[in-house]
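Undergrad: Residue numbering for the sequence shown follows this note's numbering, starting at 4 and increasing by one per position.
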Amino acid sequence: MKKDLLTLRDLSADDCEALFRRSFELKKRHAAAISDQTLQGKTLGLIFDKPSTRTRVSFEAAMVQLGGVPLFMNAQDTQLIRNEPIADTARVLSRYMDGLVVRTYSQDLLEELGAASSIPIINGLTDLYHPCQVLSDLMTILEIRKNLEGVKIVWVGDGNNVCHSWLNAAAILPLNLVIACPEGYQPDEAILEAAVKDSQGSVVVLSDPREAVRDADVIYTDVWASMGHESEHALRKNVFKPYQVSQGLVALAKQDVVVMHCLPAHRGEEIAADVLEGTNSIVWDQAENKMHMHKAILERFISGGFFVKGD
Ligand code: CP
Ligand code: NVA
4 MKKDLLTLRD LSADDCEALF RRSFELKKRH AAAISDQTLQ GKTLGLIFDK PSTRTRVSFE
64 AAMVQLGGVP LFMNAQDTQL IRNEPIADTA RVLSRYMDGL VVRTYSQDLL EELGAASSIP
124 IINGLTDLYH PCQVLSDLMT ILEIRKNLEG VKIVWVGDGN NVCHSWLNAA AILPLNLVIA
184 CPEGYQPDEA ILEAAVKDSQ GSVVVLSDPR EAVRDADVIY TDVWASMGHE SEHALRKNVF
244 KPYQVSQGLV ALAKQDVVVM HCLPAHRGEE IAADVLEGTN SIVWDQAENK MHMHKAILER
304 FISGGFFVKG D
């Protein structure tokens, strides 16, 4: 029976644990130039309806390095834009490939694809969620802190798709999550409520970013206007000004706080250039880890298991 990764709520704490373990192992093996051909003979489709650098390339590189073949499709070049039903597309692609990473606007469309396909569908970002991003971000935090318990993670900015996946993560893992958003830009109420209800640690929403980052171990930010909201950019720039992750804000957190950003970043907007390039920033390691985590995800969802060290 195939399994999809449409939101982090599709995973248990044990699934996450296994993904973390395997991604660390794969990272070590990559550094030692050990090649794992665990997905030999497999084909991964990628259908993207929004731009991407990291997610697309890290999934493609992951697939190639594991001996499989990635096949990228711009959604605009497919019959989807001429209204071929999603279910038909899903059924046909299921006959050609072993898995599909999809980046699109609507989470419903992804659900429809998942329901109609016989291959695993992996969410490569929708308007609502970005689960693979948060899995690799958690790996990056674990690399530094070794444990998630007691780590104060503060989201500063828009209550957007990445923020929603953080909330989902807090419902399955023992996170101490604080979210600071301006009025009117808080996360989706139902997603927040579910996270608070199922929280394995604590979930708090505040409006004051200065109060939120006090004693933070991790400060995380993202663009103020996500893909699809570009027309609101000017308005949002005004609203979000007090939420910039500046040196002043970072100084209120723990001295060894790490600053994270899923990228692409807008220097001088959600993050000051000197913070992004500064000693607290771990954004480049964070970006690298997407590839290692994506390998673990592909092994798990395409092969249905992890391969133990072979040699
Ligand atoms: N972080 C992230 O998803 O980046 P891309 O939009 O470049 O894929
Ligand atoms: N929230 C951002 C994430 C980009 C990786 C967006 O959706 O544009």
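Think of the CB as a built atom: it goes at the ideal place given N, C-alpha and C, for glycine as much as any other residue.
Note that the structure is predicted; figures quoted are calculated from it, not measured.
(1) How many Å lie between Pro-134 and Ile-274 at the Cα?
(2) DSSP state of Gly-102, grouped into three classes?
(3) Is Asp-225 near ligand 2, in the sense that its beta carbon is under 7 Å from a heavy atom of that ligand?
(4) Return helix, strand or coil for Ala-276, following the three-state DSSP convention.
(5) Kindly provide the ranges of any beta strand (DSSP E) runs that are 3 or more residues long and lie completely inside the stretch 75-129, ordered along the chain.
(6) Would you kindly work out how many angstroms separate the C-alpha atoms of Ile-37 and Pro-245, rounded to a whole number?
(7) Using only the alpha-carbon positions, how far apart do Glu-87 and Arg-24 sit?
(8) Just grab the DSSP bridge partners of Phe-62 for me.
(9) Does any residue of chain B bring its CB to less than 8 Å from the CB of Pro-212?
(10) Please state the DSSP three-state secondary structure of His-133.
(11) I'd like to confirm the pairing. Which residues does DSSP put opposite Val-208 in its beta bridges?
(12) Flag this pair as yes or no: are the beta carbons of Val-1 and Val-221 separated by less than 8 Å?
(13) Please name the residue in Leu-176, Asp-288, Tyr-188 whose C-alpha comes closest to that of Ser-202.
(14) Would you tell me roughly how many angstroms separate the C-alpha atoms of Val-311 and Leu-138, rounded to the nearest one?
(15) Does DSSP put Lys-30 in a helix, in a strand, or in coil?
(16) Please determine if the stretch 151-168 and the stretch 223-230 are in contact, where contact requires at least 3 C-beta pairs separated by less than 8 Å.
(17) Helix or strand or just coil, what does DSSP make of Asp-314?
TA: So, from the listed chains and residues:
(1) Stepping through the sequence shown from its first residue, residue 134 is reached at position 131. Stepping through the sequence shown from its first residue, residue 274 is reached at position 271. About 22 Å.
(2) Start at 1 with the first residue of the sequence shown, and residue 102 comes out as number 99. Correct three-state label for Gly-102: strand.
(3) As a working note, residue 225 is residue 222 in the sequence shown. Because some heavy atom of ligand 2 lies under 7 Å away, the Cβ of Asp-225 counts as near it: yes.
(4) Locating residue 276 in the sequence shown gives position 273, counting from the first residue. Here Ala-276 sits in helix by DSSP.
(5) 102-106, 124-126
(6) For the purposes of this step, residue 37 is taken as the residue at position 34 of the sequence shown. For the purposes of this step, residue 245 is taken as the residue at position 242 of the sequence shown. Cα to Cα, Ile-37 sits roughly 47 Å from Pro-245.
(7) Translated into the one-based positions of the sequence shown, residue 87 becomes position 84. Translated into the one-based positions of the sequence shown, residue 24 becomes position 21. Cα to Cα, Glu-87 sits roughly 40 Å from Arg-24.
(8) Counting from one through the sequence shown, the residue named residue 62 turns up at place 59. None, per the DSSP bridge assignment.
(9) The chain inventory of the structure shown lacks chain B, comprising one protein chain alone.
(10) Counting from one through the sequence shown, the residue named residue 133 turns up at place 130. Residue state, collapsed to three classes: coil.
(11) Residue mapping note: residue 208 aligns to position 205 of the sequence shown, counting from 1. Answer is Ile-182.
(12) In this structure the chain extends from 4 to 314, so residue 1 is not present and cannot be described.
(13) In the sequence shown, residue 202 corresponds to position 199, counting from 1. With distances taken between Cα atoms, Ser-202 lies closest to Leu-176.
(14) For the purposes of this step, residue 311 is identified with residue 308 of the sequence shown, where counting begins at 1. For the purposes of this step, residue 138 is identified with residue 135 of the sequence shown, where counting begins at 1. With a pLDDT of only 45 at Val-311, under the threshold of 50, the placement of this residue in the model should not be trusted, and no figure is reported.
(15) Against the sequence shown, residue 30 aligns to sequence position 27. Three-state result, Lys-30: helix.
(16) yes
(17) Working through the sequence shown from its first residue, we reach residue 314 at position 311. Residue placement at Asp-314 is flagged as unreliable, the pLDDT there being 32, under the threshold of 50; the coordinate-derived value follows with that caveat. The answer is coil: DSSP assigns Asp-314 none of H, G, I, E or B.
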